[in-house]
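>
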Amino acid sequence: MPHDKKSALILVGHGSTLNPDSSAPTFQHADEIVRRALFAEVHCSFWKEEPSLREVLRMVDADDIYVVPNFISEGYFTETVIPRELELVGPVTHRFGKIINYCEPVGNDPRMADLLLHRARQVAPNVSPKETSLLIVGHGTSLNEKSAEAAQSQVRAIRERGSYAEVSEAYMEEAPLIADWRKNTSQPNVVVVPFFIADGLHSYQDIPVLLGIESEPTAAASQQEVFRRNPYYLDGRALYYASAVGTEPLMADVILDTIDRFDRKHLSGSAA
Amino acid sequence: MIRDELARLIKDGYNALGELEFVESSNGYFLYHSADRDSLHEARVYHAIEDARQIAKYDSFGAYRPLKGAPNLPRGWLIQLSNIDGLQRALDFFYPGAIGTWLALRSGTARPVCLRQTLNRQTGMYRVTRGLSADQARNLVTEACRSDGACLRTILWGIEENESPDFLPSSKSDLTVDQTGQRRAALPFICLEACNLLVAAARTTMKKSSR
Chain H
1 MPHDKKSALI LVGHGSTLNP DSSAPTFQHA DEIVRRALFA EVHCSFWKEE PSLREVLRMV
61 DADDIYVVPN FISEGYFTET VIPRELELVG PVTHRFGKII NYCEPVGNDP RMADLLLHRA
121 RQVAPNVSPK ETSLLIVGHG TSLNEKSAEA AQSQVRAIRE RGSYAEVSEA YMEEAPLIAD
181 WRKNTSQPNV VVVPFFIADG LHSYQDIPVL LGIESEPTAA ASQQEVFRRN PYYLDGRALY
241 YASAVGTEPL MADVILDTID RFDRKHLSGS AA
Chain W
1 MIRDELARLI KDGYNALGEL EFVESSNGYF LYHSADRDSL HEARVYHAIE DARQIAKYDS
61 FGAYRPLKGA PNLPRGWLIQ LSNIDGLQRA LDFFYPGAIG TWLALRSGTA RPVCLRQTLN
121 RQTGMYRVTR GLSADQARNL VTEACRSDGA CLRTILWGIE ENESPDFLPS SKSDLTVDQT
181 GQRRAALPFI CLEACNLLVA AARTTMKKSS R
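So the protein lines, in turn, are chains H and W.
Reading the first sequence from the start, the letters are residues 1 to 272 in this note's numbering.
Reading the second sequence from the start, the letters are residues 1 to 211 in this note's numbering.
(1) Compute the distance between the beta-carbons of H/ILE277 and H/HIS43, then report whether it is under 8 Å.
(2) Can you list, in chain order, the residues of its chain whose CB lies under 6 Å from that of H/GLY13, leaving out five sequence neighbours each side?
(3) Does the ligand HEM have a heavy atom nearer than 7 Å to the CB of W/PHE167?
(4) What are the start and end residues of each continuous alpha helix (DSSP H) run of 4 or more residues lying completely inside the region 70–106 of chain H, in chain order?
(5) Could you list which residues in chain W have their beta carbon closer than 9 Å to that of H/PRO25, in chain order?
(6) Return the Cβ separation of W/ALA35 and W/ARG75 in integer angstroms, given the expectation that the two are a contact with Cβ distance under 8 Å.
(7) Please classify W/GLN54 as buried or exposed, where buried requires at least 16 neighbouring CB atoms within 10 angstroms.
(8) Straight-line CA distance for W/ILE84 to W/TYR29?
(9) Step through the CB atoms of chain H and report whether any lies within less than 8 Å of the CB of W/ASP92.
(10) Kindly identify the DSSP beta-bridge partner or partners of W/GLU21.
(11) Quick check on this structure: which residue in H/ARG264, H/ILE255, H/SER268 and H/PHE262 has the alpha carbon closest to the alpha carbon of H/ARG36?
(12) Mark W/THR123 as exposed unless 16 or more other C-beta atoms lie within 10 angstroms of its C-beta, in which case mark it buried.
(13) How many Å lie between W/LEU81 and W/TYR46 at the Cα?
(14) Please state the DSSP three-state secondary structure of W/ARG44.
(15) Using the C-alpha atoms, what's the distance from W/PHE94 back to W/GLU19?
(16) According to the neighbour-count rule (16 or more other Cβ atoms, all chains shown, within 10 Å of its Cβ), is W/LEU132 buried or exposed?
(17) Quick one, which residues of the region 42–61 of chain H are near chain W if we go by CB-CB under 7 Å, in chain order?
(18) Relative to chain H, which residues along the region 102–130 of chain W have a C-beta separation below 7 Å, given in chain order?
(19) Assuming contact is defined by CB atoms lying nearer than 8 Å, are H/SER133 and H/ALA113 in contact in what I supplied?
(20) Counting pairs of Cβ atoms below 8 Å between the region 113–123 of chain H and the region 233–252 of chain H, do you hit three or more?
(21) Locate the beta strand (DSSP E) running through H/ALA170, then write down its first and last residues.
(22) For the alpha helix (DSSP H) containing W/THR205, list its first residue and its last residue.
(23) According to DSSP, H/ASP177 sits in a beta bridge with which residue or residues?
(24) Quick check: W/LEU87 and W/TYR32, are their CB atoms within less than 8 Å of each other?
(25) Could you pull the DSSP bridge partners for W/CYS191 from this structure?
(26) From the DSSP output, which residues share a beta bridge with W/GLN80?
(27) I want to see whether chain W comes within less than 8 Å of H/PRO69, judged by CB atoms only; does it?
(28) What first and last residue would you give for the alpha helix (DSSP H) that runs through W/GLY100?
(29) Do we get a CB-CB distance below 8 Å when we pair W/LEU197 with the residues of chain H?
(30) Mind reading off the beta-carbon distance from H/GLU74 to H/LYS146? Whole number of angstroms is fine, and I expect it under 8 Å.
(31) According to the Cβ coordinates, are W/CYS195 and H/SER16 closer than 8 Å?
(32) If distances are taken between C-alpha atoms only, which option among W/PHE189, W/LEU152, W/ALA70 and W/HIS41 comes closest to W/GLY100?
(33) Would DSSP call W/PHE61 helix, strand or coil?
(34) Please list, in chain order, all residues of the same chain as W/ILE10 whose beta carbon is under 6 Å from its beta carbon, the five residues on each side excluded.
(35) If contact is defined by three or more beta carbon pairs under 8 Å, each pair taking one atom from either stretch, is the region 92–104 of chain H in contact with the region 165–183 of chain H?
(36) Say whether chain W places a C-beta atom closer than 8 Å to the C-beta of H/TYR240.
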């Protein structure tokens, strides 16, 4: 890899003051990267948890720092909040003798398509992709068109591979809506993979209700149960519901790929 | 490096931070809740640095602890760490950035940021906090950051630019005061800038006052 073992990695997540599982995938991927001993230091930082983006740089000894947003798409957090809180001036910021390299969000990585397919195969290992509709579900919001664009780009990449009979996207807050999955999919098997960073209220509660596999939000203690009851038989179709793609252990490789792409784009021709 | 300075501070006699205490052992460091100091033989023993993160995540009732400075760490555990690097990382799981922030203030590379500056920077759903009055701010901070039940950090920022936090009890902004009230040789556990939880509380105040 182009970066040496003297650099620091800061993985930035959203975090939550209510949901203890929100930051878990960010820590999980950080732990895996620590195990690989590729960086002198690995830190996590969060918008809603500690250490905050205002604190985290004070925890770093290394002079060369990579900041990777563990976010599914470009948007308000990657374009406004993180640069503002870290006082970044662009992809490369020099401050106090340190170089801060600000990478793209992990959701932009081309390998995300592999992870979505991996998740789909894991949750429905015995169904034939040729008789299956793969539904990638994202948040989608009228406030930011990039949220849906990120999911669309993955759907196009998966569709081009031709392994599934049908590949489509659906969103919580914009069309095509998750709640319309019955009419928007045609195959006897439907595999649903949330294009989210973490399992939280959306994947535990909101999406299962929109899919019709839960009639009301599940109790906190049994939230993981929603992934254990596959398949769900609804209207003569078999529906398989996966946990968020961002909880996939292979995300550590996506983070490292993201840093490699940053180096190729911004450091090509330099000593790195 | 931060860990070298931490080792030096421990050699100088500092052995506490927030609700934690740590001592050098024959093969590394012991880290535990200060209230368990006399009953460590009963504590559950952990060895992994990441165990610190899990212990710090919930209080003794199993409730999530989003504010790490809250004086409600669970008791009954002892983490054995093999070196200063492990101790530093474990402390950062309990009190994220506390050591680095203190060292940055001491070296002059960081300084307190007044609440007004923090609020004026907010966008999106928190933009509304820009309208928080000085009186509202003082009442909010006095309640939401108090050491007896809310947060053990020593506050060094005022409401407006160049103001000191003189609306708080003097002990709350005194670096030499152990906020747990135990008068231990504690490393300063400082707050240089309002956290997101306080900004969120400011938003709640604004929403209530606009009704």
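Backbone N, C-alpha and C fix where the C-beta goes; we use that ideal spot for every residue, glycine too.
None of the values given here were measured: they were computed from a predicted structure.
Taking the geometry as given:
(1) Nothing about residue 277 of chain H can be read from this structure; chain H reaches only from 1 to 272.
(2) Mapped onto the first sequence, residue 13 of chain H falls at position 13. Only residues of its own chain outside the window of five on either side were considered, and among them SER23, THR26, PHE46 and ASN70 have a CB closer than 6 Å to the CB of H/GLY13, listed in chain order.
(3) As presented, the structure is devoid of all ligands, the ligand HEM included, so that no description of it is given.
(4) Unbroken alpha helix (DSSP H) stretches of 4 residues or longer found wholly inside the region 70–106 of chain H: 82–86, given in chain order.
(5) Counting from one through the first sequence, the residue named residue 25 of chain H turns up at place 25. In chain order: nothing, as chain W lies at least about 14 Å away.
(6) As a first step, residue 35 of chain W is located in the second sequence; it is residue number 35 there, counting from the start. As a first step, residue 75 of chain W is located in the second sequence; it is residue number 75 there, counting from the start. W/ALA35 to W/ARG75, Cβ: 6 Å. Contact.
(7) Position 54 of the second sequence, counting from 1, holds the residue named residue 54 of chain W. In summary, W/GLN54 is exposed, with fewer than 16 beta-carbon neighbours lying within 10 Å of its beta-carbon over all protein chains present.
(8) Here residue 84 of chain W corresponds to residue number 84 of the second sequence, with the count starting at 1. Here residue 29 of chain W corresponds to residue number 29 of the second sequence, with the count starting at 1. So the alpha carbons of these two residues sit roughly 7 Å apart.
(9) The residue you call residue 92 of chain W lines up with position 92 of the second sequence. Interface residue, yes.
(10) Against the second sequence, residue 21 of chain W aligns to sequence position 21. Beta-bridge pairing links W/GLU21 to W/ALA16 and W/TYR32.
(11) Position 36 of the first sequence, counted from the start, is the residue given in the question as residue 36 of chain H. Cα-wise, what sits closest to H/ARG36 is H/ILE255.
(12) For the purposes of this step, residue 123 of chain W is taken as the residue at position 123 of the second sequence. Exposed, since its Cβ has fewer than 16 Cβ neighbours within 10 Å.
(13) Numbered from 1 along the second sequence, position 81 holds the residue referred to as residue 81 of chain W. Numbered from 1 along the second sequence, position 46 holds the residue referred to as residue 46 of chain W. Each residue's alpha carbon lies about 9 Å from the other.
(14) Along the second sequence, one-based indexing puts residue 44 of chain W at 44. Strand.
(15) Stepping through the second sequence from its first residue, residue 19 of chain W is reached at position 19. Stepping through the second sequence from its first residue, residue 94 of chain W is reached at position 94. Taking the straight line joining both Cα atoms gives about 10 Å.
(16) The residue labelled residue 132 of chain W in the question sits at position 132 within the second sequence. Classification of W/LEU132: buried, given that the 10 Å Cβ count is 16 or more.
(17) TRP47, LYS48, GLU49, GLU50, PRO51, SER52, ARG54, GLU55, VAL56, ARG58, MET59 and ASP61
(18) ALA104, THR109, ALA110, ARG121, THR123 and GLY124
(19) Start at 1 with the first residue of the first sequence, and residue 133 of chain H comes out as number 133. Start at 1 with the first residue of the first sequence, and residue 113 of chain H comes out as number 113. When the beta-carbon positions are compared, H/SER133 and H/ALA113 stay at least 8 Å from each other.
(20) yes
(21) Translated into positions along the first sequence, residue 170 of chain H becomes position 170. Note, H/ALA170: beta strand (DSSP E), 166–171.
(22) For the purposes of this step, residue 205 of chain W is taken as the residue at position 205 of the second sequence. It spans 196–209 - the alpha helix (DSSP H) in which W/THR205 sits, taken as one unbroken run.
(23) On the first sequence, position 177 is the one that residue 177 of chain H refers to. The question names Asp, yet the displayed sequence has Leu at residue 177 of chain H. Paired residue(s): H/TYR171.
(24) As a working mapping, residue 87 of chain W is identified with position 87 in the second sequence. As a working mapping, residue 32 of chain W is identified with position 32 in the second sequence. Against a cut-off of 8 Å, the Cβ pair of W/TYR32 and W/LEU87 comes out as no contact.
(25) Here residue 191 of chain W corresponds to residue number 191 of the second sequence, with the count starting at 1. W/ILE155, per the DSSP bridge assignment.
(26) Position 80 of the second sequence, counted from the first residue, corresponds to residue 80 of chain W. W/PHE30, per the DSSP bridge assignment.
(27) Taking the first residue of the first sequence as 1, we reach residue 69 of chain H at position 69. So, not an interface residue.
(28) The residue you call residue 100 of chain W lines up with position 100 of the second sequence. 98–107 is the extent of the alpha helix (DSSP H) around W/GLY100.
(29) The sequence position of residue 197 of chain W within the second sequence is 197, counting from 1. Taking 8 Å as the threshold, the shortest C-beta distance from W/LEU197 to chain H falls below it.
(30) Looking up residue 74 of chain H in the first sequence gives position 74. Looking up residue 146 of chain H in the first sequence gives position 146. Indeed, because the Cβ distance is near 5 Å, the residues count as touching under 8 Å.
(31) The residue given as residue 195 of chain W occupies position 195 in the second sequence. The residue given as residue 16 of chain H occupies position 16 in the first sequence. Contact: no.
(32) Within the second sequence, residue 100 of chain W is the residue found at index 100, counting from 1. For W/GLY100, the nearest C-alpha among the options comes from W/PHE189.
(33) Taking the second sequence and counting its residues from 1, one reaches residue 61 of chain W at position 61. In the three-state DSSP reduction, W/PHE61 falls in the coil class, being neither helix nor strand.
(34) Along the second sequence, one-based indexing puts residue 10 of chain W at 10. Excluding positions up to five away in sequence, the list is empty.
(35) no
(36) What you label residue 240 of chain H is simply residue 240 of the first sequence in a count that begins at 1. Closer than 8 Å: no.
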